[in-house]
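**Student:**
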Amino acid sequence: IVGGQPGNSPWTVSIRNRAGVHFCGGSLVKEQWVISTRQCFSSCGADLAGYKVQLGTLFKDPGPGDPVQQTIPITRIVCGPSESQLVMLKLARPATLNRRVALICLPPERYVVPAGTICEIAGWGETRGTADGSVLNVARLPVLAHGECNTALRGRLKEGELCTAPLRAGVGACEGDYGGPLACLTADCWVLEGVITPSRVCARTDQPALFIRVSLYVDWIHKVMKMG
Amino acid sequence: HRSPLNDFQRLRATELLAVPADPPPPLPERGSAEQCAQRCAASLACRAFHHDRQSQLCQLLPWTQHSPRVQLQKNIRYDLYQKKDYLRDCIVADGTSYRGTRATTEKGLRCQHWQATTPHDHRFLPSPRNGLEENYCRNPDQDKRGPWCYTVDPKIRHQSCGIKKCEDAVCMTCNGEDYRGTMDHTESGMECQRWDLQHPHKHPYHPDKYPDKGLDDNYCRNPDSSERPWCYTTDPGREREYCRIRVCTEKRPRSLNITTGCFRGKGEGYRGRVNVTVSGIPCQRWDAQTPHQHHFMPEKYPCKDLQENYCRNPDGSEAPWCFTAHPTVRIAFCFHIRRCPDELGAQECYHGHGERYHGHVSKTRKGITCQPWAAQAPHVPQISPVTHPEAHLEENYCRNPDNDSHGPWCYTMDPRTPFDYCAVKPCSSSMVPSVLENADAVAFERCGRRDERLQRKGR
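Respectively, the protein sequence lines represent chains C and P.
Read left to right, the first sequence gives residues 958 to 1185 (the working numbering).
Read left to right, the second sequence gives residues 5 to 463 (the working numbering).
1) CB of alanine 22(P) to nearest heavy atom of the ligand MG: below 7 Å?
2) For glutamine 989(C), which residues in chain P fall below 9 Å Cβ to Cβ?
3) Between Val1175(C), Asp1089(C) and Leu1173(C), which has its C-alpha nearest threonine 332(P)'s C-alpha?
4) Below 8 Å on the Cβ atoms is my contact criterion, and I expect histidine 1(P) with tyrosine 415(P) to pass it. Report the Cβ-Cβ distance as a whole number of Å.
5) My output table needs one value for arginine 463(P): the three-state DSSP class, helix, strand or coil.
6) Would you please verify whether the beta carbon of arginine 453(P) is less than 8 Å from any beta carbon of chain C?
7) Rounded to whole angstroms, what's the CA-CA distance from aspartate 147(P) to glutamate 303(P)? Just pull it up for me.
8) Could you say if the stretch 214-231 of chain P and the stretch 259-275 of chain P meet the contact criterion of at least three C-beta pairs nearer than 8 Å?
9) Can you have a look at threonine 253(P) and say buried or exposed, based on whether 16 or more other CB atoms are within 10 angstroms of its CB?
10) Using the beta-carbon count (16 or more within 10 Å), is threonine 122(P) buried or exposed?
11) Name, please, each residue of chain C whose Cβ falls closer than 8 Å to the Cβ of glutamate 347(P).
12) Taking a contact to mean a Cβ-Cβ separation below 8 Å, would you say isoleucine 1137(C) touches isoleucine 1078(C) in this structure?
13) Check whether the stretch 363-382 of chain P and the stretch 415-431 of chain P are in contact - that is, three or more C-beta pairs closer than 8 Å.
14) To the nearest angstrom, how far is the alpha carbon of proline 30(P) from that of proline 144(P)?
15) What three-state label does DSSP hand glutamine 962(C) in the structure shown?
16) Counting pairs of Cβ atoms below 8 Å between the stretch 1065-1081 of chain C and the stretch 1142-1155 of chain C, do you hit three or more?
17) For glutamine 996(C), go through chain P and note every residue whose CB falls closer than 7 Å to its CB, in chain order.
18) Answer with buried or exposed for lysine 78(P), where buried requires no fewer than 16 other C-beta atoms within 10 angstroms of its C-beta.
19) Skipping 5 residues on each side, what residues in its chain have a beta carbon closer than 7 Å to that of arginine 51(P)?
20) If we count the other Cβ atoms within 10 Å of its Cβ and call it buried at 16 or more, is serine 259(P) buried or exposed?
21) Who pairs with isoleucine 972(C) in a beta bridge, going by DSSP?
22) For chain C, check one thing: does any of its Cβ atoms lie closer than 8 Å to the Cβ of proline 295(P)?
23) Look up histidine 392(P) in the DSSP assignment and say whether it is helix, strand or coil.
24) So, at 7 Å on beta carbons, what are the nonlocal neighbours of lysine 461(P) in its own chain, with the 5 sequence-adjacent residues on each side left out?
25) Between which two residues does the alpha helix (DSSP H) containing arginine 43(P) stretch?
26) On a CA-only basis, which of Cys235(P), Phe128(P), Ile160(P) and Ser164(P) is nearest cysteine 141(P)? Give me that one, please.
27) Count the other CB atoms, across all protein chains shown, that sit within 10 Å of the CB of glutamine 404(P); report buried if there are 16 or more and exposed otherwise.
28) Would arginine 232(P) count as contacting chain C if we go by Cβ distances under 8 Å?
29) Between valine 1095(C) and glycine 961(C), is the Cβ-Cβ spacing less than 8 Å?
30) Buried or exposed: arginine 232(P), going by 16 or more other Cβ atoms within 10 Å of its Cβ?
31) Does glutamate 322(P) come within less than 8 Å of chain C when only Cβ atoms are used?
32) How many whole angstroms separate the CB atoms of isoleucine 249(P) and glycine 166(P), which I take to be in contact at a CB cut-off of 8 Å?
33) CB-CB under 8 Å to tyrosine 1008(C), same chain, minus the five flanking residues each way: which ones, in chain order?
34) Checking the sheet assignment: what are the DSSP bridge partners for isoleucine 1078(C)?
35) Which residues of chain C have a Cβ atom closer than 8 Å to the Cβ of glycine 269(P), listed in chain order?
36) Against methionine 1184(C), what residues of chain P qualify as contacts under a CB-to-CB distance less than 7 Å, listed in chain order?
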């Protein structure tokens, strides 16, 4: 996260490869399910033996004595509807919810976040020197109205995308944050409204940032969890 | 420090079945796999054993998969360990320990049975200890040319069998990542540690974690894209060492799926020219050692196309990557290169959400065959012709009985994929109403709450 601060985002998970190295983020939507982005995974049928998620810690590489860290193997990947670029990861066992591990809410189907709503991005990715890269960083971004964003992008915005407003200071997601949450506060709860997706430039000033709009795919998410 | 299992080759979840006419093997005994290996190694009659991991029982066997009237069968209860000497079709050193079933000489002559004394009389008669069995090639006199036999041709008394040394039997291409031969010693002659053991060296390359790397037994492999195949050694003072494997001259390297504008899978075949990280940092040239020192020198990785400073994936990472020109950022993934589309081309289309699609497409977008709606396997359906009689759930055709907003779908024949969307696309004339609706009042129950004190404390 560029332009963020160390913070707390108990639904943000670190996805680790077989060597135990963090490579993407994700969001815990159910004790045994994480949402992330397709770009982070080699295929929809990838054998993820040895891949794990790490939850409950603020540190990118916590020491062995970190008392609250949970590390859970990934057993399955399910790709979302083609245009969604979403994936769901099934965990080998349910995460234990506590002060540092929590579920993020899913939005109602087709829900549109009102413009101006303050949202947060979180991740252990690149900070470009703006913060300590060894801890979870969080940054706040306001939602931009769909029409305004579409105008800024000269009509290239898709319905499945969600924008945050351009900021003068460079604030945004960067490499290593992909797959992580855009969480927005609604009715006193944090809701997974967007998923961070790779872009060509990190935290571009005066340009809206794009996220995958989760509310369009909530029916698919529920169906995957229901069918196990 | 060597494990007795080093003399055995493991087949997971496998049982060796012998015909009932054979004498039954001894009754199972309690023990770990290593204890079983010790017992089997000490027994002249034992050639293999089953190990039941759950009950920690082992059954010693006097046969191997190459014995007559024996067959392999899947059985999740057992791991089958067989003595390597009986399975190898190559030789270690002079091949004295070779116990394979090759029975022809290098010139193609059939071997004489060892117990026969015609057409050639000889003194190497079979005994329980010397391994002279049937008419198989053996080396009872430590001949430097390896195993040999008397031939059935009265004019040619004996001939070498020309069995290759294990280091030459299977060659490698590129950096030997696809080497699957049975070399189990390093170039200095040290015996390799089994990949499924953590002693004498603790290591991360557990075979379960790397199912595609061929980490079988204690054979030389290259799971980390090193220069050549290597292994951990059984010497506690030497962690790992390269193995000497012949480089193929005759075999061409496996052709990768080359792409330039996008990448497939992990992007090992990406040969495009993106050379900057997503955060705008230029990549470091592969042939440079500053600002970051590394071992991915282009001349040592001839098949990886480490040209200029382009994003590449020489080590099986998640995606193409590069060392960056920024001294504090060593490596960056090039996830901003898009993935190539990997879905089937759709032949048919649907209107709306496809709830009235009655076509005959019966494959998912990934090409998996659909499960018949009336079937109960591999997935027990929650929607079937019985529960949704009006939904035209015929055969295994794609349908949308639950008005899924992402189109027709089906249960799949892949046990790991309960359902997926089909290889049909929305018709171009079909208008789906805008999904962007005004926000209603919403409420949530057991999610999205956090301890805000942690947030303040964090800051």
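Note that the Cβ used here is the ideal one computed from N, Cα and C, for glycine as well.
Just so it is clear, the structure is predicted and the values come from calculations on it, not from any experiment.
**Tutor:** Working from what's here:
1) With respect to the ligand MG, the structure offers nothing, as it holds no ligand at all.
2) Correct list: empty, because the minimum Cβ distance to chain P is about 14 Å.
3) Asp1089(C)
4) No statement about residue 1(P) is possible, as the shown extent of chain P runs from 5 to 463 and does not include it.
5) Any reading at arginine 463(P) must be qualified, since the residue scores a pLDDT of 41, below 50, and its modelled position is unreliable; the value itself is stated next. Coil at arginine 463(P), not helix or strand.
6) yes
7) 41 Å
8) no
9) exposed
10) Counting C-beta atoms within 10 angstroms of its own C-beta, threonine 122(P) has fewer than 16 neighbours from the protein chains shown and is therefore classed as exposed.
11) Proximity of chain C to glutamate 347(P) at the Cβ level (cut-off 8 Å) is accounted for by Ser1039, in chain order.
12) The amino acid occupying residue 1137(C) in the given sequence is glycine; isoleucine does not appear at that position. Cβ distance < 8 Å, so glycine 1137(C) and isoleucine 1078(C) count as in contact.
13) yes
14) 29 Å
15) strand
16) yes
17) Phe339 and Arg343
18) exposed
19) Leu65, Pro66, Trp67, Thr68, Gln86, Lys87 and Tyr90
20) exposed
21) Cys981(C) and Val1010(C)
22) no
23) coil
24) For lysine 461(P), the predicted model reports a pLDDT of 48, less than 50, meaning its position is unreliable; a value from the coordinates is still stated below. Cβ within range, chain order: n/a, list empty.
25) Run containing arginine 43(P): 37-46, per the alpha helix (DSSP H) assignment.
26) Answer by Cα proximity: Ser164(P).
27) One point to set straight first is that residue 404(P) is asparagine, not glutamine, in the sequence displayed. Asparagine 404(P) should be labelled buried.
28) The beta carbon of arginine 232(P) sits no closer than 8 Å to any beta carbon of chain C.
29) yes
30) buried
31) Cβ-Cβ to chain C under 8 Å: yes for glutamate 322(P).
32) Contact between isoleucine 249(P) and glycine 166(P) is ruled out by a C-beta separation of about 20 Å, above the 8 Å threshold.
33) Ile972, Arg973, Asn974, Arg975, Pro1030 and Ile1031
34) Ala1096(C) and Leu1139(C)
35) For a Cβ distance threshold of 8 Å, residue set Ser999 and Ser1000 of chain C lies close to glycine 269(P), ordered along the chain.
36) Near methionine 1184(C) (Cβ distances below 7 Å), the residues of chain P are Pro422 and Phe423.
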